[in-house]
Amino acid sequence: MTGKITYDAVVKATIDTIKEAETLLPDDVIKALETAKKNESSDVARSQIEAILKNIEIAGNNSIPLCQDTGILIFYVDIGRDLHIDFDLKGAILEATRIATQQVPLRPNAVDPLTRNNSSDNTGEGLPDIKYDFVEGEQLKITVAPKGAGSENMSVLKMMNPTELKSIDNFIVETVLNAGGRPCPPVIVGVGIGGSFDKAARLAKSSLLRTVDDMNDEEKAVLSRINSLGIGPMGLGGDTTALAVYLNTSHCHTASLPVAINIQCWANRHASVTLGGDE
Amino acid sequence: MEYHLKTPLKKEDVEQLDAGDIVYLTGTVLTARDEAHARILEMHEEGLELPFELEGAAIYHCGPLMQQIERKWSVVAAGPTTSDRMSKMTPDLLERFNVRALVGKGGMNNVAESLKGKCIYLAYTGGCAALAAGSIKNVPQVHWLDLGMPEAVWELEVVEFGPLIVGIDTKGNDLFTSIKERARESFLNK
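Chains A and B, in that order, are what the protein sequence lines are.
Per this note's numbering, the first sequence starts with residue 3, numbered consecutively.
Per this note's numbering, the second sequence starts with residue 927, numbered consecutively.
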């Protein structure tokens, strides 16, 4: 292995990645918004998408967060199994979160759930949320996905009856309908089907890391049903209520059918960095 | 129709607006979210005077991202937050104070009645925090910083803040509700 990974290198790379995720939107989302702008038949809807595209440009040019809700930070960490980490990896990610809060800057969003006391640095019990996975190789990959509350609050999980398979699509469309303009449409809808109570939610959320052009026919069909609702950008009417729908599945108990829907606003923010290995 | 209005707003300013109109605001807007709404109502209940003026005010549902450099606050990003979280407290607020405009995103459930004849709901594009920051020229004061940065009441001096879409007008027309009703009909007919 070349280039030993250090605590300081992880801190620095994580701060840079948080900044990238907060200030730049992935290309696939920008392209989808541009296409939506072209296809919109409503003037108000087009004005909303135009404002969004202008906002993306200003944030990128000035390196400032796209949205004042810089979210809570969700980290996905892939650890190469040939990698030897002899330092506190979680500590490095926490330190990067504290520094990024000052440097990017991020809005301090982390509060105690009961006292509502704000930690003022986006850390706290269980925050940021870090999910670890072991993969092949000798690299460390850190992905950060800031998740804002506007769309997160509209997300739902339902333990469905196994015989209700046919009503999953209805459940998804109705969830987006009930959310209306609140989650900042055009949204991206991450759905986790199967697994268990908690795994369905994890599947739904991690599906948001996929790209817009990666949808299969079933996903496109649900997307088209959602867009036929006419809720439109920001709930002000129009053709574009959602940009993408992702259905991710996992085997589950024969007596269960958990379905989780994690709604994401148009700002589907995420960025990754890879450290170590032969580069 | 497009309107350019100055705060403090008069009753006549807002009565002329129809759902779907476009508005640009100049003057002072006050941010207030869940915690600030609760505190405003509590203080009024106890007969205490508020540290800011709500007569003719525009309340912005916003938890801005601010930065303090040498004791001076500046706006980094300040888009709207989900207004519906404040829906339950809004009728009470409007009964006690002559607030003339609410600015936010996503619409508000069951407030059209309490807005009638006195106050409008204006929608700003959600997530457009960098764009909004450009029209905020000064931050004269902050109140209740003990509630945390997002929940504090920030006085923001804005110039031509918009485009804001009139989501609910003073005649009880609610753009969000009518769009949602149509969507529900189309969903049920599938």
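Every residue, glycine too, gets a C-beta built ideally from N, C-alpha and C.
- Contact between the stretch 952 to 964 of chain B and the stretch 1081 to 1088 of chain B is established, with three or more Cβ pairs separated by less than 8 Å.
- Rounded to whole angstroms, the separation of the alpha carbons of V1001 (chain B) and K1063 (chain B) is 9 Å.
- At a Cβ-Cβ threshold of 8 Å, A273 (chain A) and E22 (chain A) count as neighbours.
- The criterion of a C-beta distance shorter than 8 Å is not satisfied by I17 (chain A) and L35 (chain A).
- Cβ contact annotation for G946 (chain B) (same chain, cutoff 8 Å, sequence separation greater than five): I1091, V1092, L1101, in chain order.
- Assignment of beta-bridge partners to I74 (chain A) by DSSP yields A:K149.
- DSSP places T243 (chain A) outside any alpha helix (DSSP H), giving it a letter other than H or E.
- Residue-level contact check: Q993 (chain B) touches chain A, since one or more beta carbons of chain A fall below 8 Å from its beta carbon.
- Using beta-carbon distances, P1017 (chain B) does not count as an interface residue toward chain A, since no partner is under 8 Å.
- Rounded to the nearest angstrom, the gap between the Cα atoms of E1039 (chain B) and V106 (chain A) is 42 Å.
- Within the stretch 132 to 209 of chain A, the complete beta strand (DSSP E) segments of 3 residues or longer fall at 142 to 149, 158 to 162, 189 to 196, listed in chain order.
- If you check each beta-carbon in the stretch 97 to 114 of chain A against every beta-carbon of chain B, the ones closer than 8 Å belong to P107, L108, R109, P110, N111, V113.
- Against R1108 (chain B), the close residues of chain A are G232, in the order they occur along the chain (beta-carbon pairs closer than 8 Å).
- Shown here, S122 (chain A) sits in coil according to DSSP, grouped into three states, outside any helix or strand.
- Linking L974 (chain B) to D1018 (chain B) through their CA atoms gives a straight-line distance of about 16 Å.
- Close to P67 (chain A), with beta-carbon spacing below 9 Å, are these residues of chain B in chain order: L991, V1002, A1003, A1055, A1056.
- For G183 (chain A), the nearest CB of chain B lies under 8 Å from its own CB, placing it at the interface with that chain.
- Here T99 (chain A) is buried, its C-beta having at least 16 other C-beta atoms within 10 Å.
- A direct Cα-Cα distance of roughly 6 Å separates T251 (chain A) from G194 (chain A).
- Per DSSP, the beta bridge partners of S274 (chain A) are A:T145.
- Counting only the Cα atoms, C186 (chain A) lies some 14 Å from R48 (chain A).
- In this structure, I144 (chain A) and N111 (chain A) do not form a Cβ contact; the two beta carbons are roughly 20 Å apart against a cut-off of 8 Å.
- Neighbours of E176 (chain A) across chain B, judged by C-beta separation under 8 Å: F1113.
- Taking 7 Å as the cut-off between beta carbons, the residues of the stretch 1020 to 1038 of chain B near chain A are K1031, G1032, G1033, in sequence order.
- Residue environment: H86 (chain A) is assigned as exposed (fewer than 16 neighbouring CB atoms within 10 Å of its CB, all protein chains considered).
- Using a Cβ-Cβ cut-off of 8 Å, G1098 (chain B) does not count as an interface residue toward chain A, since no Cβ of chain A sits closer than that to its own.
- Using a CB distance below 9 Å, the part of the stretch 1059 to 1087 of chain B facing chain A consists of A1059, G1060, L1073, G1074, M1075, P1076, E1077, ordered along the chain.
- Pairing G128 (chain A) with D114 (chain A) gives a Cβ-Cβ distance that is not under 8 Å.
- For L1101 (chain B), the neighbours in chain A by C-beta distance under 8 Å run, in chain order, L238, G239.
- Pairwise C-beta distances place the stretch 232 to 243 of chain A out of contact with the stretch 154 to 169 of chain A, as fewer than three of them are shorter than 8 Å.
- When only Cα atoms are considered, N229 (chain A) and L1057 (chain B) end up about 26 Å apart.
- Shown here, M992 (chain B) sits in a strand according to DSSP, grouped into three states.
- When the beta-carbon positions are compared, V137 (chain A) and D84 (chain A) stay at least 8 Å from each other.
- Selection B:D960, B:L935, B:N1024, B:P1006 evaluated against R118 (chain A) yields B:D960 as nearest (Cα-Cα).
- The count of Cβ pairs closer than 8 Å, one atom from the stretch 248 to 268 of chain A and one from the stretch 188 to 208 of chain A, reaches three, so the stretches are in contact.
- Counting every other CB atom within 10 Å of its CB across the protein chains shown gives L1071 (chain B) a total below 16, marking it as exposed.
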